[in-house]
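First up is the structure itself, then whatever we jot down about it.
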């Protein structure tokens with residue numbers, strides 16, 4: 008099952024929130040990324056206390072809703088539901104996709120598949136809307152992350168029939184390589200939020216997608232079926 012919301016929105020760059028920010032500062036940064044063309048916002052709260060995570064997630068959900076941009080919460084379905092988010096992104100240590108789909112039937116559900124196309128096939132069978140592959144490039148956020156060669160992106164598309172998000176070390180310079188390999192989205196932290204202008208950095212990624220319209224993937228990557 009692929010949600011209608013997921014089918015409509017899964018193209019462009021997804022801005023992953025930086026850590027340790029107060030809610031007002033975080034919202035301001037996210038608004039700047041959306042102004043630059045971010046197609047989705049992904050909230051990460053691995054070290055935030057539960058109360059702060061809920062406050063931030065609710066604030067972001069309201070902001071994203073006002074701008075018509077989906078908010079996806081990392082790791083926690085409970086937090087996504089409590090905050091009124093549009094979706095949840097699950098890793099190997101989180102709730103499984105099938106259980107998440109049962110509890111969140113209309114939500115966007117994504118699954119980390121690292122460098123393993125077979126995980127993408129299983130995620131699709133369990134009801135995911137998209138899969139994430141990475142780390143595609145060396146990542147300053149996760150320097151020890153297992154690297155996923157670019158060809159894994161196309162393999163994951165063929166295995167799952169779902170949109171693929173490339174993550175890990177994505178910059179405006181290397182993002183076109185991920186798109187050419189078959190990525191529908193790229194997930195970005197440092198290249199947007201560490202830039203002198205968040206809006207300008209987000210706009211640079213948006214232009215990349217304008218220059219690479221759907222259907223310009225590597226011929227080895229079959230179009231996704233939604």
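Residue numbers (this note's numbering): 8 to 233. A virtual CB, placed ideally from N, CA and C, is assigned to each residue, including glycine.
If we count the other Cβ atoms within 10 Å of its Cβ and call it buried at 16 or more, is residue 81 buried or exposed? Residue 81 sits at position 74 when you count from the first residue of the chain shown. The residue is buried, with at least 16 neighbouring Cβ atoms inside 10 Å.
Distance, Cα to Cα, residue 170 vs residue 127? Reading the chain shown from its first residue, position 163 is the one you call residue 170. Reading the chain shown from its first residue, position 120 is the one you call residue 127. Cα to Cα, residue 170 sits roughly 10 Å from residue 127.
Whole angstroms are fine: how far does the CA of residue 41 sit from the CA of residue 115? The count along the chain shown starts at 1 and reaches residue 115 at position 108. The count along the chain shown starts at 1 and reaches residue 41 at position 34. Approximately 19 Å, taken between the alpha carbons.
For residue 229, which three-state DSSP category applies? By one-based count along the chain shown, residue 229 stands at place 222. Note that residue 229 has pLDDT 33, beneath the 50 cutoff, so the model's placement of it is unreliable and no number is given.
Just checking my contact of residue 26 with residue 205 at CB under 8 Å: how many whole Å lie between their CB atoms? Here residue 26 corresponds to residue number 19 of the chain shown, with the count starting at 1. Here residue 205 corresponds to residue number 198 of the chain shown, with the count starting at 1. About 15 Å separates the two Cβ atoms, so there is no contact after all.
CA nearest to the CA of residue 187, picked from 110, 215, 100 and 58: Taking the chain shown and counting its residues from 1, one reaches residue 187 at position 180. Of the listed residues, the one whose Cα sits closest to residue 187 is 215.
Go to residue 21, then tell me how far its beta strand (DSSP E) extends in each direction, as first and last residue. Locating residue 21 in the chain shown gives position 14, counting from the first residue. Its beta strand (DSSP E) spans residues 19-23.
For the alpha helix (DSSP H) holding residue 161, just list the boundary residues, first then last. Looking up residue 161 in the chain shown gives position 154. Start and end: 158-167.
Take residue 54 as the anchor and find which of 46, 48 and 63 has the nearest alpha-carbon. In the chain shown, counting from the first residue as 1, residue 54 sits at position 47. Proximity to residue 54 across 46, 48 and 63 peaks at 63, based on C-alpha coordinates.
Residue 220 to residue 29, Cα distance in whole Å? Working through the chain shown from its first residue, we reach residue 220 at position 213. Working through the chain shown from its first residue, we reach residue 29 at position 22. Residue 220 and residue 29: Cα-Cα distance of roughly 36 Å.
Rounded to whole angstroms, how far is the Cβ of residue 134 from the Cβ of residue 79, which I believe are closer than 8 Å? For the purposes of this step, residue 134 is identified with residue 127 of the chain shown, where counting begins at 1. For the purposes of this step, residue 79 is identified with residue 72 of the chain shown, where counting begins at 1. At roughly 15 Å, the Cβ-Cβ gap does not stay under 8 Å, so residue 134 and residue 79 are not in contact.
Comparing C-alpha positions only, which one of 120, 106, 139 and 158 sits nearest to residue 195? Start at 1 with the first residue of the chain shown, and residue 195 comes out as number 188. 139 is the residue among 120, 106, 139 and 158 whose C-alpha sits nearest the C-alpha of residue 195.
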